[in-house]
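Residue 221 is where the sequence shown starts when you use the numbering used here, and the numbers rise one by one after that. This report refers to the structure that appears directly beneath it.
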Amino acid sequence: MGGDPPPEPKGSDIQEKINFETRMQEGICKLLVASTQRDQVLHAAKNLITCNTRILHYRAELQRRTEEQTLPKVTGRLSDTEIKQHSACSGKLAISDIRIPLMWKDSDHFNNRSKSPRFAVFCLMKIHTQIFDTEMVIVDKTVTDICFENLMIFDDVKPEFELTLEVYSSCMEEGTSIINTPKRLARKLSTSLSRSTGKRLTSTLEKGDLDSFLRANPVAAGTKYYLLAEATLKLDDAEDNFRTHCLTILGNEESSFWLPLYGNLCCRLVIQPACMTMDMMTGYLNLEQTVGGLSNWTRLYCVLRSGYLTAYYSPEEIEARVDPTLKIAIDKETRIRAVCKGSRIRTHSFSLINPSSGETKSRVFAADCKDDLQRWMEAFWQHLGDLSQWKHCCKELMKIEIMSPRKPPLFLTKQATSVYDDMNVQSPQKDESLVDIIRTRIQETDGEFLLTKQDLTEPPQWAALFDGSHNMVVQRNVLTPNGSSKLALTSPGKAKKRPAPPPPVGKQPFLLGAPHPEQCQKENTWRVAALSDVRSELPTSLDDTIVLAPPGQ
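What follows is the structure in structure tokens.
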């Protein structure tokens, strides 16, 4: 109890892949029967070939692993040290921009284009158990080059790899129907075979038991691809540029799937060994330097990568993209050896010199302990072995160009429920959707934003006079000794004041100084009594009083 779980068998991952491809195979077989369009049948038949090829290679790999588990009981196995010395690092391989030229006759290429037969073509690429296929392209006599824009990347590739490229073709004759539903296929079989056999197959198909029939002949109900040509690419064929390779033609002119291939293909085959893209060894080393005739040791952070030993004062300089303090080339001309204990002050030291780079004096490094020295020495030997086995691929890092995918159709770019997610109700500089705004508002109000309404305090009606949205008219009320009043506008540019409407029927007109029952209820008005007192106290001279009144009253 509490111990580590038992290790999974080596073939468990391969068996899962076999099970997955088997389910895919069954689904494709059913799709072949249900397909009613020519393109559907062609794509399904192509996927079926890819699926069958993967199952075949997975089973071979499973058999090989099973034999390896039983092999040590008879012959024994190599030690881990021997295996490590003979194995190189893996790499990443990318193949793209495949072009296959065609060699049509002038009479075929320029004449009778309307009657030209069409062919469905695709490529299948294999490295061990990694199998990829390209898109399917339609070719006729107007096409001079078969072009595939796919980019296939193979991982964990060894220097001794062999990339097999196969070209498949299928004739698409307009007069031949490739669509065969179960009922139509049953009628054909019942009429072409004997009466007893035809009835038996007809009953089998009508009952829906199609799996056994389709596994035996999965493309009988549709179309069939044929192997037209193949090519084998190896390490020497890799180059950081387009290159032409030989293509072995397997078909003949009498075949229905025949295409006039030129015998070559052009593609871009790029390889990135792990030693060129990953740090093979990192750690601190002490570099011996002589200053003024005295020996001084400088502690540096060293990285072994891409055929160079680079040194920095700290790992932070790498993140800041600072130029290294020291950079030494590591190649087949590099000489690395351990330094004797008695010849140096520090132990666990080794010397390094590269005559090809023009160095005439070796540099001495010292590790912190014996184990670190052992790890560095093994990393150097491994790195030199990787460089020698990957050959020209380690001279300069090849770039894998990831092509941008084609623009999808408009109905596939956005979901129907995401319209409001794309609405920007805030500043156009900030991409914030309406959903994000509502979510933020809910968090700020602790959920009250959805449950209750916000309390809005309405201002009094007279506050609208001072909110800046109404025009104000300043008038001057002139009081005369005889009790009459006269209004005058202080702003001559303003419009004239409209006369007041007549009073309602049954009510007396308003007189200045007369008491009014509603006068005491209004705010910001003068009492009549106070007004009369003020008028009695005024001298005979005119007195000006400023009154604010909104226009239209």
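Even for Gly, the Cβ is constructed at its ideal location relative to N, Cα and C.
Residue i burial status per 10 Å Cβ neighbour count (16 or more: buried)
{"i": "residue 554", "result": "buried"}
{"i": "residue 612", "result": "exposed"}
{"i": "residue 266", "result": "buried"}
{"i": "residue 514", "result": "exposed"}
{"i": "residue 372", "result": "buried"}
{"i": "residue 290", "result": "exposed"}
{"i": "residue 276", "result": "exposed"}
{"i": "residue 530", "result": "buried"}
{"i": "residue 462", "result": "exposed"}
{"i": "residue 496", "result": "buried"}
{"i": "residue 499", "result": "exposed"}
{"i": "residue 255", "result": "buried"}
{"i": "residue 622", "result": "exposed"}
{"i": "residue 367", "result": "exposed"}
{"i": "residue 232", "result": "exposed"}
{"i": "residue 608", "result": "exposed"}
{"i": "residue 726", "result": "exposed"}
{"i": "residue 353", "result": "buried"}
{"i": "residue 614", "result": "buried"}
Beta-carbon proximity of residue i to residue j, cut-off 7 Å
{"i": "residue 491", "j": "residue 617", "result": "no"}
{"i": "residue 556", "j": "residue 527", "result": "no"}
{"i": "residue 342", "j": "residue 391", "result": "no"}
{"i": "residue 319", "j": "residue 360", "result": "no"}
{"i": "residue 281", "j": "residue 344", "result": "no"}
{"i": "residue 585", "j": "residue 524", "result": "no"}
{"i": "residue 274", "j": "residue 241", "result": "yes"}
{"i": "residue 234", "j": "residue 278", "result": "yes"}
{"i": "residue 445", "j": "residue 269", "result": "yes"}
{"i": "residue 450", "j": "residue 464", "result": "no"}
{"i": "residue 389", "j": "residue 479", "result": "yes"}
Near the ligand HEM: residue i beta-carbon under 6 Å from a heavy atom
{"i": "residue 455", "result": "Absent from the structure shown: the ligand HEM. Ligands present: none."}
C-alpha distance - residue i paired with residue j, whole-angstrom precision
{"i": "residue 544", "j": "residue 577", "result": "17 Å"}
{"i": "residue 283", "j": "residue 470", "result": "30 Å"}
{"i": "residue 257", "j": "residue 251", "result": "11 Å"}
{"i": "residue 570", "j": "residue 494", "result": "25 Å"}
{"i": "residue 381", "j": "residue 610", "result": "11 Å"}
{"i": "residue 601", "j": "residue 363", "result": "52 Å"}
{"i": "residue 337", "j": "residue 355", "result": "20 Å"}
{"i": "residue 582", "j": "residue 572", "result": "5 Å"}
{"i": "residue 369", "j": "residue 488", "result": "11 Å"}
{"i": "residue 620", "j": "residue 560", "result": "45 Å"}
{"i": "residue 509", "j": "residue 558", "result": "18 Å"}
{"i": "residue 271", "j": "residue 245", "result": "6 Å"}
{"i": "residue 482", "j": "residue 539", "result": "51 Å"}
{"i": "residue 589", "j": "residue 541", "result": "29 Å"}
{"i": "residue 522", "j": "residue 534", "result": "9 Å"}
{"i": "residue 358", "j": "residue 264", "result": "15 Å"}
{"i": "residue 238", "j": "residue 606", "result": "33 Å"}
{"i": "residue 708", "j": "residue 656", "result": "At residue 708, the pLDDT of 49 sits below 50, so the modelled position is not reliable and the matter cannot be decided from this model."}
{"i": "residue 518", "j": "residue 546", "result": "12 Å"}
{"i": "residue 452", "j": "residue 347", "result": "10 Å"}
{"i": "residue 650", "j": "residue 665", "result": "Caution is warranted here: a pLDDT of 44 is assigned to residue 650, below 50, making its placement in the model unreliable, and the coordinate value is therefore given only provisionally. Near 22 Å, if we compare the C-alpha coordinates of residue 665 and residue 650."}
{"i": "residue 379", "j": "residue 661", "result": "59 Å"}
{"i": "residue 548", "j": "residue 663", "result": "57 Å"}
Under the three-state DSSP convention, the category residue i falls into
{"i": "residue 541", "result": "coil"}
{"i": "residue 283", "result": "helix"}
{"i": "residue 598", "result": "helix"}
{"i": "residue 452", "result": "strand"}
{"i": "residue 253", "result": "helix"}
{"i": "residue 458", "result": "coil"}
{"i": "residue 359", "result": "strand"}
{"i": "residue 261", "result": "helix"}
{"i": "residue 665", "result": "coil"}
{"i": "residue 491", "result": "strand"}
{"i": "residue 346", "result": "strand"}
{"i": "residue 620", "result": "coil"}
{"i": "residue 509", "result": "strand"}
{"i": "residue 465", "result": "strand"}
{"i": "residue 239", "result": "helix"}
{"i": "residue 365", "result": "strand"}
{"i": "residue 605", "result": "helix"}
{"i": "residue 517", "result": "strand"}
{"i": "residue 550", "result": "coil"}
{"i": "residue 472", "result": "coil"}
{"i": "residue 557", "result": "strand"}
{"i": "residue 276", "result": "helix"}
{"i": "residue 577", "result": "helix"}
Does the pairing of the segment 490-509 with the segment 589-599 give three or more beta-carbon distances under 8 Å?
-> yes
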